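Accompanying notes for the structure given below.
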Amino acid sequence: MNPIDRVLAEVDRARDEIVDFTRDLIRIPTVNPPGEAYDVCARAIGARLEQFGFAVEYFPGVNVVGLRRGASDRPLLHLNGHTDVVPPGSGWSVDPFAATVRDGRIYGRGACDMKSGIASAVYAAEAVRRAGVALRGSVEVSGTVDEESGGFAGVASLCERGRLSSARTDFVIIPEPFGPRQICIGHRGVYWFELRTFGRTAHGSMPFLGASAIDAQTRLLHALETRLRPAIAERLTAMPVVPPAARRATLNVNAVKGGQFAEALAHQTPCVADRASAIVDRRFLVEERFEGVRAEVAEMLADVAAEFECQYEIEDLIVVHPVMTRAESHIVRTLQSAVQRVTGAAPELVASPGSYDHKHVTRIAGIEQCVAYGPGLLELAHQPDEWCAIDDLVEATKALALAILGLVGPDVNLFHA
Ligand SMILES: [Zn+2]
Numbered sequence: 007m008n009p010i011d012r013v014l015a016e017v018d019r020a021r022d023e024i025v026d027f028t029r030d031l032i033r034i035p036t037v038n039p040p041g042e043a044y045d046v047c048a049r050a051i052g053a054r055l056e057q058f059g060f061a062v063e064y065f066p067g068v069n070v071v072g073l074r075r076g077a078s079d080r081p082l083l084h085l086n087g088h089t090d091v092v093p094p095g096s097g098w099s100v101d102p103f104a105a106t107v108r109d110g111r112i113y114g115r116g117a118c119d120m121k122s123g124i125a126s127a128v129y130a131a132e133a134v135r136r137a138g139v140a141l142r143g144s145v146e147v148s149g150t151v152d153e154e155s156g157g158f159a160g161v162a163s164l165c166e167r168g169r170l171s172s173a174r175t176d177f178v179i180i181p182e183p184f185g186p187r188q189i190c191i192g193h194r195g196v197y198w199f200e201l202r203t204f205g206r207t208a209h210g211s212m213p214f215l216g217a218s219a220i221d222a223q224t225r226l227l228h229a230l231e232t233r234l235r236p237a238i239a240e241r242l243t244a245m246p247v248v249p250p251a252a253r254r255a256t257l258n259v260n261a262v263k264g265g266q267f268a269e270a271l272a273h274q275t276p277c278v279a280d281r282a283s284a285i286v287d288r289r290f291l292v293e294e295r296f297e298g299v300r301a302e303v304a305e306m307l308a309d310v311a312a313e314f315e316c317q318y319e320i321e322d323l324i325v326v327h328p329v330m331t332r333a334e335s336h337i338v339r340t341l342q343s344a345v346q347r348v349t350g351a352a353p354e355l356v357a358s359p360g361s362y363d364h365k366h367v368t369r370i371a372g373i374e375q376c377v378a379y380g381p382g383l384l385e386l387a388h389q390p391d392e393w394c395a396i397d398d399l400v401e402a403t404k405a406l407a408l409a410i411l412g413l414v415g416p417d418v419n420l421f422h423a
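Sequential numbering of the sequence shown, starting at 7, is according to this note's numbering.
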């Protein structure tokens, strides 16, 4: 048998092990927020990697990286998954941390986002080893924390330490749940800001004696809705963002608060609001410049505030620049061939409406060849009764294993059997 067929056979043979390892990981409730059991999960991944011949390191106990050196250090392929999951929330028909298997699916929080992806990465590398295929370059597998809250203590910290860096790393694959037949090449940008308005308090029965911060907030938000939103909705990206409605720039008001809202009481206090605040979420396109996005918001709010004499301030909360790996890059081409070889069909190239750890890989580590590819359905992420199909898990593991061969393995022709 040629190396490709040997590797694919090893993945099939490991099917039950891959399922069991995914279930082991789901049973560790790495809920973020607040960030629980991170060390336990890192150790579970690290122990498996050690068993599979990786040199394992912990940073500083919650992030784990395993390296398996081939004939040389380069090229180096890094497979990264985040270990944290969002809280289960309500509406589950099964225990979210029991990892129940039913009808060919694994159920649980993190089943698709993204403990199945981590298991895929670990077993893709292991299938190559079990097949006895010698690597030309090297492969790394990592489990990192806090992706759901921005990835700053996770992938970003590995990048800042230089563990993920263009000086040593050539390719990065993040097995987020885009499904075994789609390759994600990047994401849109994010600009979150807080819009605060100020007034002067007075008795609620004589509002003419005060100045309402809520009235001011309403005017500014109304301008964002009626002027800015239609203007940005005209802009269409060439990036293959899914769903297609997200190919346009978008604006959302994520939260609003104001006045003396007494949570414990049935009523608010009878006062004119002297403070109000909104969190605004502007998603921008790879064709837009952040400076322009920010200036457009600032100028529009300044105009409206001058017209209605509103006192306000803007504070930037989060800025994430859009990222996109070129469709012609070696990593995309190779993974496309790998998926085609496994599924028999050309995978679709997509981009994500929201951001994920790709941003840190590109912006901090300076690695240009980064994609997301992994088992599970994106639509099920963060939902009750999240699940991953076992067939998808195996299929994605096969494609990742062939991608390892194609990127850092011996010269193989992925296209033909
Ligand atoms: Zn995720």
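Idealized CB from N, CA, C, for every residue including glycine.
Bear in mind the structure is a predicted one, so any value in this text is a computation, not a measurement.
- At a Cβ-Cβ threshold of 8 Å, I32 and G116 count as neighbours.
- Distances between the C-beta of D119 and the heavy atoms of ligand 1 include at least one below 7 Å.
- Boundaries cannot be given for I34, as no beta strand (DSSP E) includes it and DSSP labels it neither H nor E.
- Checking the 7 Å criterion, the Cβ of H193 is out of range of every heavy atom belonging to ligand 1.
- Only buried fits H88, as 16 or more other CB atoms lie within 10 angstroms of its CB.
- E354 has Q188 as its beta-bridge partners, per DSSP.
- In terms of Cβ geometry, R74 and A131 form a close pair [threshold 8 Å].
- When distances are taken from the beta-carbon of H88 to the heavy atoms of ligand 1, the shortest one is below 7 Å.
- One Cα belongs to Y362, the other to G216, and the distance between them is close to 45 Å.
- For a cut-off of 8 Å, the C-beta gap from Y64 to A50 is around 12 Å, too long to register as a contact.
- One alpha carbon belongs to A208, the other to A105, and they sit about 56 Å apart.
- A residue is called buried once 16 or more other Cβ atoms fall within 10 Å of its Cβ, and H228, having fewer, is exposed.
- Residue environment: E313 is assigned as exposed (fewer than 16 neighbouring CB atoms within 10 Å of its CB, all protein chains considered).
- Secondary structure of P246 (DSSP, three-state): coil.
- Cβ contact annotation for P35 (same chain, cutoff 7 Å, sequence separation greater than five): E42, A43, F103, in chain order.
- Assignment of A137 by DSSP, reduced to helix, strand and coil, places it in the coil class.
- Under the three-state reduction of DSSP, M330 is assigned to strand.
- Under the three-state reduction of DSSP output, G123 falls in the helix class.
- Boundaries of the beta strand (DSSP E) around T203: 195-204.
- For T275, the CB contacts under 8 Å within the same chain, skipping 5 residues up- and downstream, are G210, G265, Q266, A268 in chain order.
- Residue side-chain check: E231 keeps its Cβ at 7 Å or more from all non-hydrogen atoms of ligand 1.
- E182 has its CB nearer than 7 Å to a heavy atom of ligand 1.
- In the displayed model, R235 falls within a helix according to three-state DSSP.
- With fewer than three CB-CB distances shorter than 8 Å, the region 391-406 does not count as touching the region 212-226.
- A direct Cα-to-Cα measurement between V70 and L164 gives close to 10 Å.
- Taking 7 Å as the cut-off, the C-beta of A301 does not count as close to any heavy atom of ligand 1.
- The Cβ atoms of L141 and V345 lie no closer than 8 Å to each other.
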